[in-house]
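Numbering (this note's numbering), first residue to last: 4 to 714.
Heads up, the beta-carbon is just placed ideally off N, CA and C, and yes, glycines get one too.
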Ligand code: IVH
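Next comes the structure, spelled out in structure tokens:
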């Protein structure tokens, strides 16, 4: 048998193979101790030594490398861009609760929905809400095949090779135990230790440090080169599943234990409880342990344990009804206000922003915080130079909560509301504005400069190009700032003339750019890329188009309602002509979901010659606004109006409503000519049945109804 050259003292090839497979098992054992049991028994150096021995042998004997090798976790080459993965079961978000009352009301709602008597208890599981990013991992016949990010919930990014580098995630699971297809869902996160270590490296390499462990985890998972991801020491907790060929248990708890047996890390703070009080005890226990866990959690998730109940409860478009996140209180800290700047928003609202002495809150370095509006600054008497409480909760912009007046040493001057816009100098006026934060009308100061205010113009262009609007890749905040300063884009219409301008005068694109001239090649490349993405977006759905125009108070969902009603931009231009007709305003308001404020704002937008001509110019510049005909799946009861009388035996009214809505119909509360079907349960109102028959409304008994829709 062949003797070894470089790995002296190892003996025959067979012996090397043996040695290698022992090393693999050894590493796997320590990975498990470290990642799953959180109880390493060797030092990092000793561990690295083991890995080096493997590397050395594998280098000499590449043919002996097996899929069990820890190095096979980083086998793949960097990719150019991630592919997309469609989630066959959407990855939804989760509803939040702030306090006991909201948990009780959630649980009461569930009991009503499921028609569970008050004295019958529900089993809930409770587990920490991990603050990382969710991922889906698909195993087929026991082998890890796909790893994907959540993305927008229905389309995620294919990060399979990166997922494979996470040492706590098994590459293979026992195929005799696991279902043929198993999709595990859970959270990829970074521990505090690894986060701080990574940021030290980032700084040494002159790179921007990450703001918090979640961003670091996301940045690391989305590295194009899996070898980079492998260096980042990510971890994983399984807490859910997606599509699986079969499920061996009928409840969450048993499934989690099963996943653990298959080799997945699950969080050890985890239990089944029967009452809300027990859930709250668990919540407080974990909250107390939070600082010493070593990773970020931002609340506790409560879930219904029984899967048949989950099935009946279903999900809304955003979240399942069977789960709720009980959030932890936001994290706060004290720091000093160095200055107060004024930001001008898209609609001219002037927002005061506090520049702070940088401070770390919950792992994030905070140097700016919102002061909301000037009325609030005065009410709370916050001044430049004050020590203040700053609060940060999840993704929300940090807020200044209050000033610590006892610490105010000098005579600091009071902040006055500005009388003029700091950018364009136009008069600023007080106005009532619906605040996105508090959902209340608050007194804001608005710049009256409108189209002549550069700050508003920039914000309008940013809004126009943003994801929910035209979604132009490569035209983000920074590029828009640059193009605006260079006078290349002064209004959304200019976006569509950018390429022509470039062609007639290419140097204009880089003469303003600072930096070395060698960069021109890259600038040119990205400009060409940008033209392509602008071209790709020339055709746009009517609702996105309306939203992109930046009409005040008009959100995307109302825009969809309106688009669905008018169908084309031409009809809208005709309906809302320059001379207002009262019928157009009434017409708008008659659409359910369109309030008076939005209706007026839309009418005004189309009446005002300046804003109206934006629409016309966009169309003339080649923007094609598609006729609105979004696909709505037809069912037997699509668009039907349904009424229920009496109580149902097979399900609660709430559940019936959900079923009806899923099938595209509407549950109404009164009988009229418009009603299509009446469902009669126990103790129906007889007069309703009679009237229905008179009106020609079809009447179903509960069983007949169930058969009809299940056919
Ligand atoms: S349950 C949607 N459990 O919370 C219900 N989610 O899921 C299925 N998350 O962004 C998931 N910890 O990243 C569930 N223990 C936990 C969780 C958890 C964190 C995150 C997840 C997602 C959001 C909603």
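- Counting of Cβ neighbours within 10 angstroms places residue 689 among the exposed residues, the total staying below 16.
- Contact between the segment 202 to 212 and the segment 143 to 150 is not established, with fewer than three Cβ pairs separated by less than 8 angstroms.
- Across the set 588, 547 and 603, the C-alpha of 603 shows the shortest separation from the C-alpha of residue 555.
- For residue 471, no beta strand (DSSP E) run applies, since DSSP gives it neither H nor E.
- In this structure residue 484 touches residue 461 by the C-beta definition: roughly 7 angstroms separates them, less than 8 angstroms.
- Of 527, 674, 476 and 361, the smallest CA-CA separation from residue 536 is found for 476.
- The C-beta distance from residue 631 to residue 551 rounds to 14 angstroms, too long to meet the 8 angstroms contact threshold.
- C-alpha of residue 101 to C-alpha of residue 332: approximately 8 angstroms in a straight line.
- Residue state for residue 680 is assigned as strand, using DSSP reduced to three classes.
- Per DSSP, residue 243 is one residue of the beta strand (DSSP E) stretching across 238 to 244.
- Annotated three-state conformation of residue 272 is coil, per DSSP.
- Of the residues assessed, residue 509 falls on the exposed side of the cut-off, its CB having fewer than 16 other CB atoms within 10 angstroms.
- Placement of the Cβ of residue 87 at a distance of 7 angstroms or more from every heavy atom of the ligand IVH is found.
- Burial is judged here by how many other beta carbons sit within 10 angstroms of a residue's own beta carbon; residue 241 has at least 16 and is buried.
- For residue 255, no beta strand (DSSP E) run applies; the uninterrupted alpha helix (DSSP H) run containing it begins and ends at 255 to 265, by DSSP.
- In this structure, the C-beta of residue 160 stays at least 7 angstroms away from each heavy atom of the ligand IVH.
- Ranked by Cα distance from residue 308, the first of 290, 300, 257 and 348 is 257.
- Beta-bridge partners assigned by DSSP to residue 390: 339.
- The Cβ neighbour count for residue 87, taken over all protein chains shown within 10 Å, is under 16; the residue is labelled exposed.
- Around the beta carbon of residue 69, fewer than 16 other beta carbons lie within 10 angstroms, which makes this residue exposed.
- The Cβ atoms of residue 233 and residue 136 lie no closer than 8 angstroms to each other.
- Put simply, the backbone Cα of residue 271 is about 11 angstroms away from that of residue 260.
- Every alpha helix (DSSP H) stretch that sits fully inside the segment 15 to 81 and reaches 4 residues is listed by chain position as 16 to 34 and 47 to 63.
- Under DSSP, residue 450 shares a beta bridge with 431.
- Just measuring C-alpha positions, the residue of 283, 628 and 658 sitting nearest residue 274 is 283.
- Put simply, of 115, 683, 678 and 709 the residue whose alpha carbon is nearest the alpha carbon of residue 698 is 678.
- Ranked by Cα distance from residue 353, the first of 305, 646 and 458 is 458.
- Of the heavy atoms belonging to the ligand IVH, at least one sits nearer than 7 angstroms to the Cβ of residue 322.
- Bounds of the alpha helix (DSSP H) holding residue 195 are 195 to 207.
- As a beta-bridge residue in DSSP terms, residue 191 pairs with 136 and 239.
- Taking one beta carbon from each stretch, the segment 344 to 364 and the segment 117 to 137 have fewer than 3 pairs nearer than 8 angstroms; the two do not touch.
- The way I'd put it, the segment 655 to 670 does touch the segment 636 to 647; three or more beta-carbon pairs between them come closer than 8 angstroms.
- In this structure, DSSP gives residue 547 a helical state, which the three-state scheme calls helix.
- Rounded to whole angstroms, the gap between the alpha carbons of residue 527 and residue 463 is 26 angstroms.
- The bridge partners DSSP lists for residue 300 are 133.
- Take residue 645, set aside five residues on each side of it, and the residues of its chain with a beta-carbon closer than 8 angstroms to its own are 663, 668, 669, 670, 671, 678, 679, 680, 681 and 682, in chain order.
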